[in-house]
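For reference, the structure is listed below as structure tokens.
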Amino acid sequence: MTKKCIVTLMVAVTFSFQIIAQQSAVYTSKIVEYQKALTLYNNQQYQAAQSLFKAVYKTTKETVLKSDCTYYIATCAIRLNQLNADKLVEDFVEKYPTSTKRNTAFVDVADYYFENAKYAHAQKWYNKVYENDLSQAELEKYYFNKGYTAFLTKDYKDAKKYLARIENSKTYGEQAKYYIGFMAYEGDDYDKANQYFEQVENNERYQEKMSYYQADLNFKLGRFEQAITLAKKMLESSDANEASELSKIIGESYFNLKQYPEAIPYLESYEGKNGKWNNTDFYQLGYAFYMQKDYNSALSEFNKIIDGQDGIAQNAYYHLGECYINLDKKQEALNAFRNASQMNYNLKIQEDAWLNYAKISYEIGNPYQSAPQVLAEYLERYPNTSYKEEAETLLIDSYITSKNYEEALRLLKGKKSYANKEAYQKVSFYRGLELFNEGKYLEAEALFDASIKESINPKFTAKATFWKAESDYQLTSYEDALLGFKQFVQQSGPSGISEDKNVNYHIAYTYFKLKNYTRASEYFNQFIATETEDQLRLNDAYLRLGDAHFVSSEYQEAINAYEKAIKLNNIESDYPAFQKALSIGYLGKSSLKIQALEDFITDYPKSKFRDDAMYELGNSYVKANETDEAMRAYNQLISEYKMSSFVPKGLLRQGLVYYNSGQNDQALTKFKKVANDFPGTPEAVQAVSTARLIYIDIGEVNQYATWVRTLDYVEVTDVELDNTTYESAEKQYLDNNVDRAIRGFNDYLNEFPKGLHALKAHFYVAQLYSKKNLLENASPHYSYVVEAAQSEFTEEALAKLSQYHLEQKRWEKAIPLLKRLEEEASFPHNVIFSQSNLMKANYQLQAYKIAVSYAEKVLSSSNIDNKIKSDAHIIIARSAMKTGDEDKAELAYKEVEQVAIGEMAAEALYHDAYFKNKANNFEASNISVQKLAKDFSGYKYYSAKGLVLMAKNFYALDDAFQATYILESVITNFSEFEDVVSEAKEELSTIKKKEAETNASIQAED
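In terms of mature numbering (1 follows the signal peptide of the UniProt record, and there is no 0), the sequence shown is residues -21 to -1, 1 to 985.
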């Protein structure tokens, strides 16, 4: 366009404005108002400006003016942070799409948000800008602002795109390079980051921040010396947070250079992210201490690594194990090596950890697996290990030392080497002994046979032979038992094994059971001649020696033996005193016998044989023809012992005295009392028979018939058939034809359910069923005997029937029977049996006070074995725990420890650890748990409970690793014990919540 044309156009425009001004004074006025509003806008008086712009907009019809007013109303709204600001801008763009201010509006709004640090808003509006409408200067600013906005909103892709366009800009270049370098740093592209940072390192604006980044970059690029130099340079001028990060860079750099003494102070100065370290932080400081042989400091860091599941954690746990070994803390080392052995990030470390785990398991025991199982698994995993011979030796020995014989047998099964066979011989014996002590004699015998079969170690062959014979004895196979004991005598030789000491005692007892009393006496004398220490066994030997002479009618020798037993006075001497009195009588010294019995009744007021003595005294007076004294003795018996089986005998004797003296009425009174009060007993049968003779003598047979029909157990017309049928069955019984005898007695009872011999038939068939272990079949027959009148069979029936109910855990049914047995028993062992089981049954029914009273009764007896003692103490202890009396429980469990074996010993040892934990004696508590794991690993329930205790102990000792590792192992390995797992989970959750406060690597349990 020519200059002339331009001038002409200007003149035309001026002329047109003049025309417009002339045409509308109003329009001129609106321009003035618009200019005022624009001035207010430029002076940042946005509220006033917005109001004027709105006024102008309402009154003008000029499109351009309306468009401009709409633009400024919207931008004022943006600056006033009004709720509808963005909407106003969008409405402006939509309403005036051809406005020259459209792109300016986008830029203006975006820049406003940018300058006010509202970058997400800014980014939204920058995305609307048309780049082609911008000048070069505007474009550079736009690129920087948009790139920086993307950078701050973590949109690094866009950030790099726009910032890269202004790398060489004089205005924005250095800033762009810094941010591009930072993004490369964040993206782990350290070479690129370093390249950009070096281009702006002289700019003071970035120097301070870049010093840290460059130090970190050099560290991450493996330039540790440069990292140390750069980090140390700015350490003093840094704030606390940055100083912490710089210390970490310096410490880790020294660590990677293996300059551990220099690394330690800097690693310690690190304060963590948000005040928390992670597992790597703890590992590095711990390893630095470890390399300085400062094991206590090392483990204090390693044991804070919880839940680690990576190579660093495996290394840490392995070195933690080594620290514990160096500090002689083997239980702790066991857990650390076990953890490392279960990780496969580094296979060499895993193998070494396995070896250490196996060795320590052998040394101290293992609560998770038996030591043999661990060693066997190690050899299976690493068959070519250079430690194979050593591990195999430990494996063989561990079968014995672990005392987990059942597991050992399983592991040894099928292994054929000589060493394994010797181990199998020993383990079979020890497992057999365990089963013997549990009363499982058939199972025990099978294992003793297996031990004898190997015959590698003569000592164990002899021991197994002895205990096989003892099993036969307990199974009433006395001939086999005798043969076994004699084989043992031939095998044991000069070795002097412990069983040698009492073998004569056992042989004597076996002869005694075989009723070969001469040989029994011979062996009892041999035992007595050598025994000097075991006074209880010596006392028993004198008693049985006396009994052997007594049944052999060697009464003076019997008296001598009984007197020696009385003199020892180690257990109740009432039995030998009573037997001595009987022996005196058999020597024909009637008056001395009577005096001895009178003395016995006075001297032993609580003896179980006192009713026997009264009955025998009455009989002795009858023989001496002192019937009045006899009647007095019988009456005393009947008065003082109403439940005694001697009462019907005494009444019958009184009746016979009257009968023999011609006092028929008095005799009939006694006979009828026996027949009526004690139906079905042998005494009742004899009473009926003798009464029949009296009625015949006095010619009153009809009265006899009338009376006898009132007795439902006497069928007068079938007496002969009754006797014949019973005697047939009894003969089979006496000939030991068990099945025939059972069939015979059942036939008798079916034909004569209330027959003369019903009581005996019920008792004998019950005994036969019991011998065949058919206790359910025996039960109703024992019940008949128990419910009948007192007889010589009552005591045995009460014992057997109560035992049956106990085995079925029918406590309520067993208790009344046991109470009767306690009151009525003549034999001391039945009294102890009743009391010991009354304490157990009442405990099961939660009657703890009654259970304890019976336990104390049991313990007051001097003639009980260790098994019964431990039962009594354990009942006292458990009851005390149930009732909250832990002081009493603690004392009781200490007593259990002294005498118990097997599971009870494990329970007692667990509680020893429990009470030590409660007393804050944590290390001593752990020692008890270790002993529990080593000596009683077969009792998994107490092993699991002990581990939870151990975890609590370790946490109290500030060892979080041990605590959490043990609890996690319990949860994983002992799922069958829900109560223990529940406690472990609760404890683990508590610990993790606490540890998560300082360790960022830990995920706290909900």
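Ideal Cβ placement from N, Cα and C applies to all residues, glycine included.
What do you get for residue i, buried or exposed, if any count of 16 or more other CB atoms within 10 angstroms of its CB means buried?
i	result
arginine 389	exposed
valine 43	exposed
lysine 971	buried
residue 987	Any question about residue 987 goes unanswered here, given that the chain covers just -21 to 985.
lysine 136	exposed
glutamine 633	buried
arginine 410	buried
serine 226	buried
glutamate 177	exposed
arginine 589	buried
glutamate 801	buried
leucine 461	buried
lysine 494	exposed
lysine 602	exposed
methionine 162	buried
proline 759	exposed
glycine 723	buried
leucine 967	buried
For the candidate residues the options, whose alpha-carbon lies nearest to that of residue i?
i	options	result
valine 11	Asp701, Gly634, Ser815 and Phe32	Phe32
tyrosine 822	Phe268, Ala851, Val664 and Asn294	Ala851
glutamate 119	Lys149, Ala312, Glu775 and Glu458	Lys149
alanine 319	Tyr347, Lys309, Gln288 and Asp307	Gln288
leucine 412	Ile159, Glu865, Thr444 and Gly393	Thr444
glutamate 371	Lys394, Val960, Lys628 and Asn383	Lys394
tyrosine 727	Lys710, Thr704 and Glu359	Thr704
lysine 792	Val960, Leu780 and Tyr25	Leu780
alanine 963	Ala939, Leu928 and Lys973	Leu928
isoleucine 379	Tyr893, Ala350, Asn111 and Asp701	Ala350
residue 986	Phe901, Glu368, Asn220 and Asp479	Outside the shown range of the chain (-21 to 985) lies residue 986, about which nothing can therefore be said.
alanine 708	Asp691, Glu679 and Ala740	Ala740
serine 770	Glu146, Leu19, Ala138 and Ala663	Ala663
glutamate 224	Asn235, Arg722, Ala206 and Lys237	Ala206
tyrosine 91	Ser78, Tyr105 and Lys237	Tyr105
Using a Cβ-Cβ cut-off of 7 Å (strictly less than) and excluding sequence neighbours within five positions of residue i, which residues of its own chain qualify?
i	result
alanine -1	Note that alanine -1 has pLDDT 43, beneath the 50 cutoff, so the model's placement of it is unreliable and the number below is only indicative. Excluding positions up to five away in sequence, the list reads Thr7.
glutamine 665	Leu631
serine 500	Leu524, Ala527 and His528
tyrosine 109	Asn82
leucine 334	Tyr357 and Tyr366
cysteine -17	Interpretation of cysteine -17 is limited by its pLDDT of 39, a score under 50 that renders its predicted location unreliable; the figure taken from the coordinates is listed afterwards. Within the same chain, cysteine -17 has no close Cβ partners at all.
aspartate 260	Tyr249 and Gly251
Does the beta carbon of residue i fall short of 8 Å from some heavy atom of the ligand SAM?
i	result
glycine 564	The ligand content of the structure shown is nil, which means the ligand SAM is not present either.
Less than 6 Å between C-beta atoms, sequence neighbours within five positions excluded: which residues of the same chain meet that for residue i?
i	result
alanine 277	Gly265, Phe268, Tyr269 and Cys302
threonine 969	none
proline 373	In the sequence under discussion, the amino acid at residue 373 is leucine, which differs from the proline named in the question. Tyr341 and Leu354, listed in sequence order.
alanine 53	Leu67, Val68 and Phe71
residue 986	Any question about residue 986 goes unanswered here, given that the chain covers just -21 to 985.
glycine 126	Ala138, Tyr141 and Leu142
asparagine 95	none
proline 473	Only weak support exists for where proline 473 lies, its pLDDT of 48 falling under 50; the coordinates are left without a value.
Please work out which residues of its chain come closer than 8 Å, Cβ to Cβ, to residue i, disregarding the five sequence neighbours upstream and downstream, and give them in chain order.
i	result
alanine 979	Gly251, Lys252, Asn253, Lys255, Trp256 and Asn257
lysine 895	Phe901, Ala903, Ser904 and Ser907
Inset, instruction - Please determine if the stretch 888 to 905 and the stretch 421 to 441 are in contact, where contact requires at least 3 C-beta pairs separated by less than 8 Å. - result: Counting Cβ pairs under 8 Å, fewer than three are found: no touch.
Legend entry - Three CB pairs or more closer than 8 Å across the stretch 391 to 407 and the stretch 423 to 441: Touching, yes.
Inset, instruction - Could you tell me whether the stretch 266 to 281 touches the stretch 295 to 313, where touching means 3 or more Cβ pairs closer than 8 Å? - result: Verdict: yes, contact present.
Legend entry - Segment contact, 8 Å Cβ cut-off, at least three pairs: the stretch 240 to 247 with the stretch 933 to 940: By the criterion of at least three beta-carbon pairs nearer than 8 Å, the stretch 240 to 247 is not in contact with the stretch 933 to 940.
Inset, instruction - Check whether the stretch 729 to 742 touches the stretch 581 to 598, counting contact only when three or more Cβ pairs, one atom from each stretch, lie closer than 8 Å. - result: Segments in contact, no.
Inset, instruction - Spell out a yes or no on whether the stretch 330 to 343 and the stretch 938 to 957 are touching, meaning 3 or more CB-CB pairs, one atom from each, closer than 8 Å. - result: No, the stretch 330 to 343 does not touch the stretch 938 to 957.
Inset, instruction - Scan the stretch 892 to 961 and note each continuous alpha helix (DSSP H) run of 4 residues or more that stays entirely inside, going in chain order. - result: Within the stretch 892 to 961, the runs of alpha helix (DSSP H) at least 4 residues long that lie entirely inside it are, in chain order, 901 to 914, 919 to 935 and 939 to 952.
Inset, instruction - Ignoring anything shorter than 3 residues or poking outside the stretch 292 to 378, list the beta strand (DSSP E) runs there in chain order. - result: Contiguous beta strand (DSSP E) elements confined to the stretch 292 to 378 do not occur, taking only those with 3 or more residues.
Inset, instruction - Please determine if the stretch 516 to 523 and the stretch 484 to 503 are in contact, where contact requires at least 3 C-beta pairs separated by less than 8 Å. - result: Segments in contact, yes.
Legend entry - Runs of alpha helix (DSSP H) wholly within the stretch 569 to 652 (minimum 4 residues, chain order): Fully enclosed alpha helix (DSSP H) runs of 4 or longer: 569 to 582, 589 to 602, 606 to 619 and 625 to 639.
Inset, instruction - Within the stretch 414 to 483, note down every full beta strand (DSSP E) run reaching 3 residues or more, in order along the chain. - result: DSSP runs (the beta strand (DSSP E)) wholly in the stretch 414 to 483: none.
Legend entry - 4-residue-minimum alpha helix (DSSP H) runs that sit fully inside the stretch 651 to 732, ordered along the chain: Segments of the alpha helix (DSSP H) lying fully in the stretch 651 to 732: 661 to 676, 680 to 687, 698 to 713 and 717 to 730.
Inset, instruction - Inspect the CB distances between the stretch 570 to 589 and the stretch 804 to 816 and report whether three or more fall short of 8 Å. - result: They touch, by the three-pair rule.
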